[in-house]
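Chains as they are written, first to last, in full-length UniProt numbering: chain R, 1 to 436; chain W, 1 to 436. For reference, the structure discussed in these notes is given below.
Protein chains: 2
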Amino acid sequence: MASTTTTFSLSLRTNQQTPFPKPSFFSNNNHLHFNSNNWAWTSVSTARKSRICVTSSQVLDSLAAKSEPALPTTVEVDLGNRSYPIYIGSGLLNQPDYLQRHVHGKRVLVVTNKTVAPLYLDKVVDALTRGNPNVSVESVILPDGEQYKDMDTLMKVFDKAIELRLDRRCTFVALGGGVIGDMCGCAAALFLRGVNFIQIPTTVMAQVDSSVGGKTGINHRLGKNLIGAFYQPQCVLIDTDTLNTLPDRELASGLAEVIKYGLIRDAEFFEWQEKNMHLLLARDPSAMAYAIKRSCENKAEVVSLDEKESGLRATLNLGHTFGHAIETGVGYGQWLHGEAVAAGTVMAVDMSYRLGWIDDSLVKRVGDILKQAKLPKAPPETVTVDMFKSVMAVDKKVADGLLRLILLKGPLGNCVFTGDYDRKALDDTLRAFCKS
Amino acid sequence: MASTTTTFSLSLRTNQQTPFPKPSFFSNNNHLHFNSNNWAWTSVSTARKSRICVTSSQVLDSLAAKSEPALPTTVEVDLGNRSYPIYIGSGLLNQPDYLQRHVHGKRVLVVTNKTVAPLYLDKVVDALTRGNPNVSVESVILPDGEQYKDMDTLMKVFDKAIELRLDRRCTFVALGGGVIGDMCGCAAALFLRGVNFIQIPTTVMAQVDSSVGGKTGINHRLGKNLIGAFYQPQCVLIDTDTLNTLPDRELASGLAEVIKYGLIRDAEFFEWQEKNMHLLLARDPSAMAYAIKRSCENKAEVVSLDEKESGLRATLNLGHTFGHAIETGVGYGQWLHGEAVAAGTVMAVDMSYRLGWIDDSLVKRVGDILKQAKLPKAPPETVTVDMFKSVMAVDKKVADGLLRLILLKGPLGNCVFTGDYDRKALDDTLRAFCKS
């Protein structure tokens with residue numbers, strides 16, 4: 001089924017018959033091709049990682065059977081001497097040890113926003129200091145919203161850290177959603193040329209995606225995330241109880257990234273979502289915990305294989321190139337990131353279909369699951385073809401002038417990262433989704 | 001001669017009898033101690049690196065005997081897969097190959113300033129493009145001076161790069177002195193989460209110190225270099241001809257760092273400087289080339305052993321903690337960096353003497369060589385004890401509230417990086433050098 005440039009598979013298959021096999025990525029059966037225009041695995045991988053081989057029912061059972069205090073589920077991001085754990089569980093902020101073991105030095109700066117601070121800042125300060133009187137905690141509270149993910153706001157973090165005379169042996173803690181995580185991580189990467197930091201994500205978006213993997217950064221008025229660094233945290237602590245206060249719209253936004261993992265590499269997870277989306281929308285704790293865990297496993301696996309996004313990692317950006325154009329085009333903060341990604345995913349799927357790379361049943365399934373998740377399936381009417389083209393031209397996946405996209409190709413769970421596509425399909429997709 | 005906390009040596013000894021020995025740092029004879037307060041090597045190292053074992057006369061002979069076009073001297077910065085060469089020579093900008101071999105992608109952004117651009121920008125564009133028509137070069141010209149090493153100016157580089165729609169396969173080139181190198185490197189580290197960059201330093205300061213080793217960053221109004229990243233270039237290209245246009249004051253400023261290498265780790269080099277400072281001030285090409293080469297060798301060796309400044313690398317900051325306080329106190333751009341470092345070195349030496357760690361002959365030699373180099377030996381009268389204390393409190397070498405300093409201890413060529421000193425000596429030094 002393979003040819004050198006166009007056939008591919010990127011699916012992670014689980015196999016119920018042999019639960020916990022040794023990871024075998026890059027075995028002889030898998031051929032990783034990467035050139036300037038096309039990234040693909042050329043054969044269906046049978047490789048699996050042990051952490052992704054438990055079934056959803058196994059996880060649900062273990063979560064249901066938990067005693068107090070519950071032991072968190074731990075997913076490891078494997079990056080050599082920069083490896084770190086993702087702790088996932090209910091009530092983790094009441095168990096100070098998980099947080100305290102990753103604090104370096106005696107001084108902590110919590111970076112949070114005006115929405116999250118009244119809800120969780122005291123709890124986090126308590127978790128950092130309980131039984132640990134030598135640690136002092138300060139905080140900087142930023143305005144809330146993607147429109148503040150800029151250099152001016154980032155400078156407020158530096159101002160605070162410097163005014164407090166924090167030194168290299170301090171720890172920054174990101175308490176909030178994706179914007180806070182990206183900005184706190186960027187500040188940690190740059191303050192005194194790098195200090196330790198911890199992620200405490202409080203939104204679905206941050207818990208399933210942005211807090212994991214070390215991408216930090218801020219927006220430029222001409223494009224999203226154009227300024228930043230790869231900088232890994234000491235740990236990610238996901239207290240699923242923080243989702244209890246999340247607005248519905250934010251919850252749905254995060255589900256766009258959950259759906260993404262299914263589409264690009266985990267067909268079984270997608271099928272689980274098709275059956276359980278109503279439970280996620282109802283915030284069923286077990287279903288939510290499972291979706292977060294499985295998303296983190298997928299993210300951790302990809303990041304471990306390709307930290308700096310030389311190929312594989314780019315596939316996590318399905319729908320994001322279109323989505324970033326929507327966010328930038330309508331103005332940061334108007335659409336939530338996941339809303340824009342959802343519409344962008346529909347556009348990427350539309351384009352994949354126009355190229356003849358997927359069949360119409362998959363197009364329908366994507367539309368159906370986004371509808372279930374109450375996510376938009378088209379960009380706002382104000383975004384024009386020219387706006388898309390202008391913002392997409394500065395996307396980080398442009399290489400030597402060629403825009404590379406993540407597109408679906410083949411059965412559910414398979415995608416390509418490629419610049420080798422018919423330009424007409426892109427133009428047709430843009431025209432189909434824009435009024436002008 | 002060793003005790004666990006106070007005795008030390010950090011000298012690199014050359015040995016004429018065994019020219020090109022295998023490097024033997026961290027052999028059993030060398031004990032690297034590092035705790036929160038004190039960093040030291042506890043025995044005199046006999047280790048040497050081959051590249052530092054040629055004598056000055058050997059280098060001068062080889063430079064004098066050069067034919068056209070001269071082959072550059074190459075010093076390697078050894079950092080595993082991030083290793084890179086420093087090319088040193090006359091007329092290197094007329095030999096495009098050295099530059100072109102390190103350009104990634106087809107688009108280059110030269111970051112320079114209003115002083116250097118009229119002198120060398122055309123030459124650098126020519127070196128990048130001669131025989132290489134596929135490469136396009138753009139430039140951004142910043143104002144000149146330490147007072148512009150700030151976030152507002154850095155944003156101009158991002159604005160330009162984004163407006164030009166540069167992608168990850170571009171190369172940034174820093175053409176200028178230390179300010180340009182630090183800012184261009186910082187921009188390269190952060191643009192699209194990291195692009196390639198090349199250093200073309202045009203001042204003595206940048207050629208002997210700041211362009212080598214990957215420290216990038218900008219100033220904050222409250223302190224120098226507080227925001228930045230460790231980010232290594234693809235190469236450093238030092239065309240010594242660029243020094244022909246350097247003002248005398250800038251030349252002297254750079255010599256402060258040359259003197260530093262001798263004081264902290266290379267007694268033989270210091271002795272050579274004592275005999276040859278008049279040649280450096282007269283811009284004798286051979287003497288200057290030797291001083292640059294030997295400085296780069298010292299810098300490369302230290303950086304290779306301790307890239308992220310967990311101990312050894314901090315010793316390169318002799319005089320810098322006092323010096324940064326002077327620069328910040330009088331206002332960025334009023335004193336040149338090397339001028340402040342020179343006064344700061346005198347203060348560090350004074351404090352070392354008050355602690356009884358060096359004898360008065362070394363104090364005199366430091367004063368004499370700085371006088372020869374036409375460098376200041378005291379801070380300006382406007383800087384007060386309180387200003388020193390305020391700025392020093394946010395120095396990057398503060399750890400858990402304790403200010404660690406680089407001080408001389410023992411014979412010429414030996415220093416310590418330590419927080420374990422009598423506070424009274426620091427107070428006495430500050431009072432001795434400040435009117436209020």
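Note that beta-carbon positions come from the ideal geometry of N, C-alpha and C, so glycine has one too.
Inter-residue Cα distance where the pair is residue i and residue j
i, j, result
"Lys343/R", "Lys377/R", "In the sequence as presented, Lys is not what sits at residue 343/R; that position holds Ala. Their Cα atoms are separated by approximately 5 Å."
"Val110/R", "Val137/R", "7 Å"
"Arg169/W", "Lys435/W", "54 Å"
"Phe270/W", "Thr328/W", "29 Å"
"Ala188/R", "Val303/R", "20 Å"
"Arg283/W", "Asn244/W", "8 Å"
"Arg193/W", "Leu119/R", "32 Å"
"Lys374/W", "Leu280/W", "11 Å"
"Ala325/R", "Phe388/R", "5 Å"
"Val416/W", "Asn317/R", "49 Å"
"Thr115/W", "Gly331/W", "21 Å"
"Val179/W", "Glu146/W", "6 Å"
"Leu166/W", "Phe191/W", "9 Å"
"Leu93/W", "Asn132/R", "59 Å"
"Asp350/R", "Leu405/R", "13 Å"
"Thr73/R", "Ser90/R", "10 Å"
"Lys299/W", "Asp152/R", "35 Å"
"Lys371/R", "Asp144/W", "56 Å"
"Glu105/R", "Pro380/W", "It is worth fixing the name first, because residue 105/R is Gly in this sequence and not Glu. Roughly 36 Å separates the two Cα atoms."
Within chain W, partners of residue i - CB distance below 9 Å
i, result
"Met392/R", "What Met392/R touches in chain W: nothing, since even the nearest Cβ is about 10 Å away."
Neighbour list for residue i in chain R, Cβ cutoff strictly below 9 Å
i, result
"Lys106/W", "Asp400, Gly401"
"Ile88/W", "In chain order: nothing, as chain R lies at least about 26 Å away."
"His278/W", "Ordered by position in chain R, no residue passes the 9 Å Cβ test against His278/W, which lies about 38 Å from the chain."
Residue i, buried or exposed, once every other Cβ within 10 Å from all chains shown has been counted against 16
i, result
"Ala287/R", "buried"
"Gly413/W", "buried"
"His278/W", "exposed"
"Gly254/W", "buried"
"Asn134/R", "exposed"
"Lys424/W", "exposed"
"Ser210/W", "buried"
"Asp422/R", "exposed"
"Arg249/W", "exposed"
"Ala432/W", "exposed"
"Asn196/R", "buried"
"residue 439/W", "Outside the displayed span of chain W (1 to 436) sits residue 439/W, for which this structure offers no information."
"Asn81/W", "exposed"
"Val44/W", "Low confidence applies here, because Val44/W scores a pLDDT of 29, under 50, leaving its location unreliable; read the following figure in that light. Its Cβ being crowded by 16 or more others within 10 Å, Val44/W is buried."
"Glu307/W", "buried"
"Gly213/R", "buried"
"Gly401/R", "exposed"
"Leu142/W", "buried"
Neighbour list for residue i in chain R, Cβ cutoff strictly below 7 Å
i, result
"Asp150/W", "Going along chain R, no residue has its Cβ under 7 Å from Asp150/W, so there is no contact; the nearest lies around 10 Å."
"Gly217/W", "Arg193"
"Met387/W", "In chain order: nothing, as chain R lies at least about 15 Å away."
Chain W residues whose Cβ lies nearer than 8 Å to that of residue i
i, result
"Lys396/R", "Asp167, Arg168, Leu192, Arg193"
"Ala314/R", "Those do not exist, as Ala314/R stays about 11 Å from chain W at its closest Cβ, beyond 8 Å."
"Phe230/R", "Arg193, Gly194"
"Ile162/R", "His220, Leu222, Gly223, Leu226, Val394"
Listed by chain order, chain W residues near residue i by CB distance under 7 Å
i, result
"Ile227/R", "Phe158, Leu190, Phe191"
Partner residues on chain R for residue i, Cβ-Cβ distance less than 8 Å
i, result
"Met155/W", "Met151"
Residue i at chain A interface by Cβ criterion, 7 Å
i, result
"Ala282/W", "No chain A appears in this structure, whose protein chains are R and W."
| Runs of alpha helix (DSSP H) wholly within the segment 148-196 of chain W (minimum 4 residues, chain order) | Positions of the alpha helix (DSSP H) runs, each at least 4 residues long and wholly inside the segment 148-196 of chain W, are given as 151-163, 178-190 in order along the chain.
| the segment 201-215 of chain W touching the segment 220-239 of chain R, judged by at least three CB pairs closer than 8 Å | The answer is no - the segment 220-239 of chain R does not touch the segment 201-215 of chain W, with fewer than three Cβ pairs under 8 Å.
| query | Between the segment 352-361 of chain R and the segment 293-311 of chain R, do at least 3 Cβ pairs fall closer than 8 Å? | reply | Not touching, per the Cβ criterion.
| said: In chain order, what are the residue ranges of uninterrupted beta strand (DSSP E) at least 3 long that sit wholly in the segment 377-421 of chain W? | reply: You should have 405-408, 415-418.
| query | What are the start and end residues of each continuous alpha helix (DSSP H) run of 4 or more residues lying completely inside the UniProt domain "3-dehydroquinate synthase C-terminal" (254-398) of chain W, in chain order? | reply | 267-281, 285-305, 320-330, 337-354, 360-372, 385-392
| Between the segment 226-241 of chain R and the segment 85-101 of chain R, do at least 3 Cβ pairs fall closer than 8 Å? | These segments touch.
| Residue ranges of each beta strand (DSSP E) run of no fewer than 3 residues wholly in the segment 68-146 of chain R, ordered along the chain? | Along the segment 68-146 of chain R, the beta strand (DSSP E) occurs as fully enclosed runs of 3 or more residues at 73-77, 84-89, 107-113, 136-142, listed in sequence order.
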